[in-house]
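Q: Going by this note's numbering, the sequence shown opens with residue 350, and the numbers climb by one from there. Virtual Cβ for every residue (Gly too), placed ideally from N, Cα, C. All values derive from a computational prediction rather than experimental measurement.
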Amino acid sequence: MYLSYLNHKNKAVVLCLGKTVMVLGLWLGLISPSWALFTFSSFLSARTLTLQVGSPNSTIDRVTIDVSGSSIAPTATSVNGTSNGPTTTPAGGVEIRAYMGYTNNTNTSITNAFRLTVNSSVGLSCVTGSGCGTTNIPFSAIGWTSYNHDPTYSTVDIQDNKFTGATAQSLTNIVASGGSLTMTNILVFKYNTTTIYPAGQYTGRVTYTATLP
Numbered sequence: 350m351y352l353s354y355l356n357h358k359n360k361a362v363v364l365c366l367g368k369t370v371m372v373l374g375l376w377l378g379l380i381s382p383s384w385a386l387f388t389f390s391s392f393l394s395a396r397t398l399t400l401q402v403g404s405p406n407s408t409i410d411r412v413t414i415d416v417s418g419s420s421i422a423p424t425a426t427s428v429n430g431t432s433n434g435p436t437t438t439p440a441g442g443v444e445i446r447a448y449m450g451y452t453n454n455t456n457t458s459i460t461n462a463f464r465l466t467v468n469s470s471v472g473l474s475c476v477t478g479s480g481c482g483t484t485n486i487p488f489s490a491i492g493w494t495s496y497n498h499d500p501t502y503s504t505v506d507i508q509d510n511k512f513t514g515a516t517a518q519s520l521t522n523i524v525a526s527g528g529s530l531t532m533t534n535i536l537v538f539k540y541n542t543t544t545i546y547p548a549g550q551y552t553g554r555v556t557y558t559a560t561l562p
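1. Under a three-way DSSP split, which group does ALA425 fall into?
2. Please name the residue, chosen from PHE463, GLY472 and ASN406, that lies closest to GLY553 on a Cα-to-Cα basis.
3. Hey, would you say ASN534 sits closer than 7 Å to ASP499, going by beta carbons?
4. Nearest by alpha-carbon distance to GLN550: which of GLY482, ASN429, PRO435 and ILE421 is it?
5. Between the Cα of SER474 and the Cα atoms of ILE486, GLY403, SER529 and GLY441, which residue gives the shortest distance?
6. With burial defined as no fewer than 16 other Cβ atoms inside 10 Å of the residue's Cβ, what is the status of LEU393: buried or exposed?
7. Taking buried to mean at least 16 other C-beta atoms within 10 Å of its own C-beta, is THR560 buried or exposed?
8. Is VAL412 helix, strand or coil when you go by DSSP?
9. Please determine if the region 435-444 and the region 506-525 are in contact, where contact requires at least 3 C-beta pairs separated by less than 8 Å.
10. Taking the alpha-carbon positions, what's the GLY442 to ALA490 distance?
11. In the structure shown, what three-state DSSP assignment does PHE512 receive?
12. Would you tell me roughly how many angstroms separate the C-alpha atoms of THR543 and GLY492, rounded to the nearest one?
13. List the whole-angstrom C-beta distance separating TYR557 from ILE445, where the pair is believed to meet the contact cut-off of C-beta under 8 Å.
14. My output table needs one value for THR504: the three-state DSSP class, helix, strand or coil.
15. Nearest by alpha-carbon distance to VAL467: which of ILE545, TYR502, PRO423 and ASN522 is it?
16. Tell me, to the nearest whole angstrom, how far the beta carbon of ALA462 is from that of VAL524; I am working on the premise that it is less than 8 Å.
17. With a CB to CB cut of under 8 Å and the five nearest residues on each side skipped, what residues in its chain are close to LYS539?
18. What is the DSSP secondary structure of SER420, reduced to helix, strand or coil?
19. Quick one: is the Cβ of THR513 within less than 6 Å of any heavy atom of the ligand FAD?
20. Of all the options ASN541, MET532 and GLY478, which has the alpha carbon lying nearest to the alpha carbon of ALA548?
21. Hey, how far is the Cα of SER407 from the Cα of GLY450?
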């Protein structure tokens with residue numbers, strides 16, 4: 350995420366969205382900006398897990414939040430960010446899509462567990478030369494509104510929340526019958542302006558991890 354304060358009146362936040370997939374307790378790859386989509390099939394169980402955050406290619410999307418002085422005083426007002434990734438509805442959001450299941454499975458009694466977490470433990474650091482020195486903004490200042498909930502099973506989707514600064518903040522934990530599940534949500538990120546930080550630009554990155562226990 351990228352945050353800018355200009356004369357203590359304006360700030361911009363850019364959130365770089367990373368993604369990593371872990372299947373059956375094994376990392377599929379190192380966290381790297383060269384990959385946006387990971388798919389793995391187990392030879393033993395034929396289980397498949399796919400996680401896509403934002404763009405479906407090698408691009409690491411960025412979310413920018415511009416905050417004017419009027420959003421800070423006289424009344425603190427949260428400000429939505431805008432992603433440079435694929436167009437979403439509502440506009441400016443980031444699509445998170447996950448699929449898990451068994452390939453060639455016809456046994457509807459089989460259950461599958463799926464967990465999605467996010468690491469926001471490293472806060473937003475000041476960009477050198479932008480005027481904010483060594484200030485670090487915790488990611489707990491950033492939240493989101495979740496859209497595109499399933500009309501029948503809305504509680505299994507990502508809910509409205511904010512980053513906690515944890516290394517493995519749980520976003521959803523699902524046990525599904527029938528062998529497969531697809532989850533798609535649009536997250537619109539927002540910055541909480543109740544705390545004022547030194548003028549400057551701040552940047553940081555969060556990483557999403559999908560697991561099949």
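A: So, from the data block:
1. By one-based count along the sequence shown, residue 425 stands at place 76. Note: ALA425 maps to coil in three-state DSSP.
2. In the sequence shown, counting from the first residue as 1, residue 553 sits at position 204. The candidate whose alpha carbon is nearest that of GLY553 is GLY472.
3. Here the question's residue 534 lines up with position 185 in the sequence shown. Here the question's residue 499 lines up with position 150 in the sequence shown. Taking 7 Å as the Cβ cut-off, ASN534 and ASP499 do not qualify as a contacting pair.
4. The residue labelled residue 550 in the question sits at position 201 within the sequence shown. The option with the nearest alpha carbon to GLN550 is GLY482.
5. Within the sequence shown, residue 474 is the residue found at index 125, counting from 1. That would be ILE486, whose Cα lies nearest to the Cα of SER474.
6. Taking the first residue of the sequence shown as 1, we reach residue 393 at position 44. For LEU393, the predicted model reports a pLDDT of 42, less than 50, meaning its position is unreliable; a value from the coordinates is still stated below. It counts as exposed.
7. Along the sequence shown, one-based indexing puts residue 560 at 211. THR560 should be labelled buried.
8. As a position in the sequence shown, residue 412 is number 63, starting the count at 1. Three-state result, VAL412: strand.
9. no
10. Looking up residue 442 in the sequence shown gives position 93. Looking up residue 490 in the sequence shown gives position 141. Computed Cα separation, rounded: 18 Å.
11. Looking up residue 512 in the sequence shown gives position 163. Three-state result, PHE512: coil.
12. Residue mapping note: residue 543 aligns to position 194 of the sequence shown, counting from 1. Residue mapping note: residue 492 aligns to position 143 of the sequence shown, counting from 1. Answer to the nearest angstrom: the Cα atoms are 13 Å apart.
13. To locate residue 557, count along the sequence shown from 1; it is residue 208. To locate residue 445, count along the sequence shown from 1; it is residue 96. Their Cβ separation, rounded to whole angstroms, is 7 Å, which keeps TYR557 and ILE445 in contact under 8 Å.
14. Working through the sequence shown from its first residue, we reach residue 504 at position 155. Residue state, collapsed to three classes: helix.
15. Against the sequence shown, residue 467 aligns to sequence position 118. Comparing Cα positions, the closest option is ASN522.
16. Walking along the sequence shown from the start, residue 462 turns up at place 113. Walking along the sequence shown from the start, residue 524 turns up at place 175. That pair is a contact at about 5 Å.
17. Here the question's residue 539 lines up with position 190 in the sequence shown. The answer, listed in chain order, is ILE414, SER427, VAL428, ASN429, GLY430, ILE491, GLY492, TRP493 and THR494.
18. To locate residue 420, count along the sequence shown from 1; it is residue 71. SER420 falls in the helix class under three-state DSSP.
19. For the structure depicted, the ligand FAD is absent and the ligand set is empty, with no information on it obtainable.
20. Translated into positions along the sequence shown, residue 548 becomes position 199. Considering only alpha carbons, the answer is GLY478.
21. Numbered from 1 along the sequence shown, position 58 holds the residue referred to as residue 407. Numbered from 1 along the sequence shown, position 101 holds the residue referred to as residue 450. Between SER407 and GLY450, the C-alpha separation is close to 24 Å.
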